[in-house]
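Written out below as structure tokens is the structure these notes cover.
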Amino acid sequence: MRKYLLCLLVFTKIVAHAQSPKELSMVNDRLRITWTQTSSGWKIKKMEVKKKSGWITIENPSGENTLIYSRQKPESTPDTSFKTVNEVSFPEPNYLYQVAQWRESISPVSLNTEGNVLHFLPTKATEIEKNNLSFQYQSEVGIITSEWKLNPLFPQDIQVTQTLRVKKAGHYSMTSPTLYSVPEEKLTWATVPGYFQGNKIQKNFALAYTYGHGVPSLPVVYRERCATTLCPLVSSANGITFSVIPDPGLAMDPWASDSMTLKEWRLGLSHKNRRSQLSPTLYYPVLGESGSLLKAGDVIRFKFTYSFTEEGWFASLNHAIYDIYKFKETLNLRQSKQSLTSRTEQMHTYLTDGTTSKWNLEDYNGLRIGAQSYLGGVIGENKDAMKNSDYGAMWMMAATTNDTILTRQRLPYALNFKLAQQQTEDSFFQGAVMGQYYLAKSKRFSEEWGEVVEPIAVTYYTMLDMGNILLFEPDNSTLKNRQKLGAEALIRWQ
1 MRKYLLCLLV FTKIVAHAQS PKELSMVNDR LRITWTQTSS GWKIKKMEVK
51 KKSGWITIEN PSGENTLIYS RQKPESTPDT SFKTVNEVSF PEPNYLYQVA
101 QWRESISPVS LNTEGNVLHF LPTKATEIEK NNLSFQYQSE VGIITSEWKL
151 NPLFPQDIQV TQTLRVKKAG HYSMTSPTLY SVPEEKLTWA TVPGYFQGNK
201 IQKNFALAYT YGHGVPSLPV VYRERCATTL CPLVSSANGI TFSVIPDPGL
251 AMDPWASDSM TLKEWRLGLS HKNRRSQLSP TLYYPVLGES GSLLKAGDVI
301 RFKFTYSFTE EGWFASLNHA IYDIYKFKET LNLRQSKQSL TSRTEQMHTY
351 LTDGTTSKWN LEDYNGLRIG AQSYLGGVIG ENKDAMKNSD YGAMWMMAAT
401 TNDTILTRQR LPYALNFKLA QQQTEDSFFQ GAVMGQYYLA KSKRFSEEWG
451 EVVEPIAVTY YTMLDMGNIL LFEPDNSTLK NRQKLGAEAL IRWQ
């Protein structure tokens, strides 16, 4: 009888070990995540994040993966139309220099509507070692494997390596899985740095995408070329900021060899997943773009980090910048080959030489105004645009060198340019900047990209420029009155 019981216990133990566990977890002093096996696959059952006040349970845990596939290269022609707040079609045709890029922003790939979408939960899961799990899913187009592990150096981080082994030729885009999503009513902050930031969903796409007024309601995929930090993030009412950070080297190299490669698009960033749920998401490669065309047997890998903090968006960005991308270490690798004194001397030589500085004098409404030629594109220009920049630096250079070419032949006319640039007539736009540029042939001021008046232009070209001059000319009553006009305009427009 005893032998029978012993054999039964041994057999039971062997069977138990042979069976796959129904739950797997990763746990440290900051994070607790448990996956459970369901009929659909391995789903995140529970997720907890440690705050100073204690553990909180995350709502809407998921673990869903997404793979996007297209046999043919996706169309780049927009198939969706939008209106501005003034009911004008977007992109607005009068913004000549932006139309092409704005059309890119409403292509099917950018709007995240292109391709065949496979949403799935992994069907296989194994524990490699403590706090290190592997998940796998097989589809008709490929085998997707992801390895998850808690970062021992940063316990608030989860490191993920996703691998795709291709079965069918075509264009592919992997996405970072959805750990959880934040309901829109519980959104407190979201950003794709360099593109937008806000705490409210903006339904008007043109207003959100072009001007960054609010959080886009669409699951837009942003290019890395204008991102200031590769770290889309979402903060919720529970006090947790959730970010996803691609490994260094995934994004395009802006200068890959001996030419600019900013137009290459390798990595997509978004505040939403493909289902348009608020959940920071990476897309790699971008469907139809560099690296996305694969043949059977090809293997690509995609590494990234999920990070969680209760310290807000700024702490999230700092973590990405200094801990993941090692910004301080990269600064130490850079060496200056020219002293600050030498640079300043070269600037002085450049500015005092009328040929190199392309200095111009023009008459405008009784004032003699001076500025440098601007050879870039300006709406309405005929190779006659003029502009001054960095007024504070101009006045500082003159004060430091006491060079009469600057004090007598440059600054008085640059000051007149600044005064002429401002609208003084009593109207809605009193105090505004009529344009950054002066067009000498048509004798008018103009903005670079269209007939607009922007409050930010008043901030830069009135408040800051005039304020910098006043540091060196504190008794200039005309400037004080003009700066006051600008300030009153900004207050009036609130």
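Taking the numbering used here, the leading residue of the sequence shown gets 1, the next gets one more, and so forth.
The beta carbon of each residue, even a glycine, is placed where N, CA and C say it ideally should be.
On the three-state DSSP scale, how would you describe Ile14? Any answer about Ile14 is weak, because its pLDDT of 45 lies below 50 and its placement is not dependable; what the coordinates show is given next. Correct three-state label for Ile14: helix.
For Phe429 and Gln423, which I take to be in contact (beta-carbon distance under 8 Å), what is that distance rounded to the nearest angstrom? A Cβ-Cβ separation of about 5 Å places Phe429 in contact with Gln423 under the 8 Å criterion.
Cβ of Phe304 within 9 Å of Cβ of Gln159? The answer is yes: Cβ separation under 9 Å.
Could you pull the DSSP bridge partners for Glu48 from this structure? Arg32, Thr57
Give me whichever residues DSSP pairs with Pro216 in a beta bridge. For Pro216, which the question treats as bridged, DSSP gives the partners Gln202.
Please list the terminal residues of the continuous beta strand (DSSP E) segment that includes Val244. Secondary structure note for Val244: its beta strand (DSSP E) is the uninterrupted segment 241-246.
Residue environment, Phe445, which counts as buried when at least 16 other CB atoms sit within 10 Å: With 16 or more other CB atoms across the displayed protein chains lying within 10 angstroms of its CB, Phe445 is buried.
Taking the straight line between their C-alpha atoms, what separation do you get for Arg301 and Arg71? 20 Å
Determine contact between the region 170-180 and the region 278-286, defined as no fewer than three beta-carbon pairs at a distance below 8 Å. yes
C-alpha gap between Lys400 and Arg343, whole angstroms: Inspection of the sequence shows that residue 400 is occupied by Thr rather than by Lys. Rounded to the nearest whole angstrom, the C-alpha separation of Thr400 and Arg343 is 14 Å.
Limits of the unbroken alpha helix (DSSP H) element including Pro455: 455-458
Sequence-distant residues of its chain with Cβ nearer than 6 Å to Pro543 (five each side left out): No statement about residue 543 is possible, as the shown extent of the chain runs from 1 to 494 and does not include it.
Nearest-angstrom Cα distance between Asp258 and Arg225? 18 Å
Determine the contact status of Ala371 and Glu381, defining contact as a CB-CB distance below 9 Å. no
Own chain residues within Cβ distance below 8 Å of Lys45, not counting five before or after: Excluding positions up to five away in sequence, the list reads Glu23, Thr34, Trp35, Thr36, Pro61.
Write down the C-beta distance between Ser316 and Leu233 rounded to the nearest angstrom, noting that I regard them as a contact closer than 8 Å. 5 Å
My understanding is that Val299 touches Leu164, with C-beta atoms under 8 Å, so please give their C-beta distance in whole angstroms. Yes, Val299 and Leu164 are in contact; Cβ-Cβ is about 7 Å, under 8 Å.
Gly431, DSSP secondary structure in three states: coil
Of all the alpha helix (DSSP H) runs that stay within the bounds of the region 377-404, which reach a length of 4 or more residues? 391-401
Which residue wins for smallest C-alpha separation from Leu411, given the options Gln421, Met394, Asn112? Met394
Quick check on Pro183: does DSSP put it in helix, strand or coil? coil
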